[in-house]
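Protein chains in written order, with our numbering: chain Y, 370 to 663; chain P, 4 to 136.
Glycine included, C-beta positions come from ideal geometry on N, C-alpha and C.
Since the model is a prediction, treat every value here as computed from it, not as a measurement.
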């Protein structure tokens, strides 16, 4: 599979502030990558560099295997967090601009998208709510049947039904071979639509993994001891352990890999009980961004 | 396909494993018949709103486990030779793991062997009686 979106060691500094710090990421054909991170983690700056709107301080970027040029945008769609529309133009007029600008513009597809988002083409942009503006931006983006999609919070302001539509549009595009990179604050969306997940924190990429591998690997092992918790010895420094905490007679260990092996080693310390807890993506995300490691 | 599958993205169990288990269960119970065609990867992905690669992985693993046959251009079909047996074995596996987990939990909560046996017997009596009546 070819990587349609590729970032290698991307760094972006503003003065002494490093907004994006040595980030490498690839999204393959037919794949959807969900980018998570707290506000200010560097997600939007990463997108801006990717699109050539900001000049990287270091690293390389390739879209469909080539550097970004005006021609890149023939088959690339970008939906910014706040849709940029012409206030005095109607939705239909925005579509007309797209028809004239993009040779891949698909009028039938655009009509389907308008209906999907319940948009009235005669309405002027200045009279649209935030959610409707997002819907227009999405309609425009998907009307050119792009090969590469970069979506910054693509469901902001949308109601739950239309949020689900956005996920289905991404899924449909990926099933037809597009590469999709999207950021979201809603972990559940990433969990459904994405096959890989990237988590940024303070400019750094702290998780970059297939979603199934991530969920299979990360577990919490909880052991309750009858007396005081024994010394866990060299396990404390084990790189497969993300965190270990003790509350009363309970030892909780967060693992990244090999939870069975680690559980067995804790079992050898003779706890009264031990159990392994599966983590959902939200818990994995919270663990990743709240920890001081990495 | 009459069987409706659901996935729970909030569960810690990866979606592909949830789907594999549900499809095997449906085959074992006969909800999906031998020879029946499964939806395309894209159709099932859109129906469930899950990633297409997740569905593709489910189909690959089901083919590997002998439950379905996929031929390029024609689609994926439940095998007519032994898919039910494979699926029944897989479902029995799920039952075994669930039962084992329950017993392990009972033990770790401090129940004695006799208490756990008693509990198991009572639970079996309750569920199997109503089914056989």
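CA-to-CA distance, residue j to residue i, given in whole angstroms
i             : j             : result
residue 82/P  : residue 28/P  : 14 angstroms
residue 112/P : residue 486/Y : 52 angstroms
residue 629/Y : residue 643/Y : 11 angstroms
residue 16/P  : residue 456/Y : 46 angstroms
residue 481/Y : residue 79/P  : 29 angstroms
residue 648/Y : residue 92/P  : 27 angstroms
residue 97/P  : residue 66/P  : 19 angstroms
residue 574/Y : residue 655/Y : 15 angstroms
residue 437/Y : residue 423/Y : 12 angstroms
residue 11/P  : residue 21/P  : 8 angstroms
residue 47/P  : residue 58/P  : 7 angstroms
residue 638/Y : residue 514/Y : 58 angstroms
residue 488/Y : residue 505/Y : 8 angstroms
residue 37/P  : residue 77/P  : 16 angstroms
residue 105/P : residue 119/P : 10 angstroms
residue 442/Y : residue 546/Y : 17 angstroms
residue 375/Y : residue 581/Y : 22 angstroms
residue 75/P  : residue 535/Y : 29 angstroms
residue 386/Y : residue 411/Y : 11 angstroms
residue 635/Y : residue 99/P  : 24 angstroms
residue 446/Y : residue 475/Y : 14 angstroms
residue 13/P  : residue 579/Y : 17 angstroms
residue 383/Y : residue 377/Y : 19 angstroms
residue 435/Y : residue 429/Y : 10 angstroms
residue 44/P  : residue 564/Y : 14 angstroms
residue 84/P  : residue 41/P  : 16 angstroms
Cβ distance (whole Å) where residue i is taken to contact residue j below 8 angstroms
i             : j             : result
residue 503/Y : residue 525/Y : 6 angstroms
residue 540/Y : residue 54/P  : 7 angstroms
residue 70/P  : residue 19/P  : Actually they are not in contact, since the Cβ atoms of residue 70/P and residue 19/P sit about 14 angstroms apart, beyond 8 angstroms.
residue 553/Y : residue 522/Y : 6 angstroms
residue 479/Y : residue 464/Y : 5 angstroms
residue 556/Y : residue 650/Y : 5 angstroms
8 angstroms Cβ cutoff, residue i in contact with chain P
i             : result
residue 536/Y : yes
residue 400/Y : yes
residue 656/Y : no
residue 590/Y : no
residue 419/Y : no
residue 663/Y : The predicted model places residue 663/Y with a pLDDT of 42, which falls under 50 and marks its position as unreliable, so this point remains unresolved.
residue 411/Y : no
residue 581/Y : yes
residue 540/Y : yes
residue 648/Y : yes
residue 371/Y : no
residue 644/Y : yes
residue 543/Y : yes
residue 381/Y : no
CB of residue i within 8 angstroms of CB of residue j, strictly
i             : j             : result
residue 616/Y : residue 590/Y : no
residue 572/Y : residue 396/Y : no
residue 548/Y : residue 398/Y : yes
residue 453/Y : residue 490/Y : no
residue 420/Y : residue 550/Y : no
residue 645/Y : residue 632/Y : yes
residue 641/Y : residue 605/Y : no
residue 497/Y : residue 448/Y : no
residue 657/Y : residue 401/Y : no
residue 373/Y : residue 425/Y : no
Test: residue i CB closer than 8 angstroms to a CB of chain Y
i             : result
residue 57/P  : yes
residue 14/P  : yes
residue 81/P  : no
residue 111/P : yes
residue 37/P  : no
residue 131/P : no
residue 62/P  : no
residue 42/P  : no
residue 122/P : no
residue 27/P  : no
residue 75/P  : no
Unbroken beta strand (DSSP E) run spanning residue i, endpoints
i             : result
residue 643/Y : 642-647
residue 522/Y : Here residue 522/Y belongs to no beta strand (DSSP E), and DSSP marks it neither H nor E.
residue 73/P  : 71-74
residue 429/Y : 427-432
residue 9/P   : Here residue 9/P belongs to no beta strand (DSSP E), and DSSP marks it neither H nor E.
residue 570/Y : 565-570
Host alpha helix (DSSP H) of residue i (start-end)
i             : result
residue 558/Y : 556-562
residue 582/Y : 580-586
residue 537/Y : 529-544
residue 416/Y : 412-419
residue 461/Y : 460-470
residue 503/Y : 499-512
residue 57/P  : 55-67
residue 397/Y : Residue 397/Y -> not in any alpha helix (DSSP H); beta strand (DSSP E) instead, spanning 386-397.
Exercise. The stretch 550-563 of chain Y: which residues have C-beta closer than 7 angstroms to a C-beta of chain C, in chain order?
Worked result: Absent here is chain C; the protein component of the structure consists of chains Y and P.
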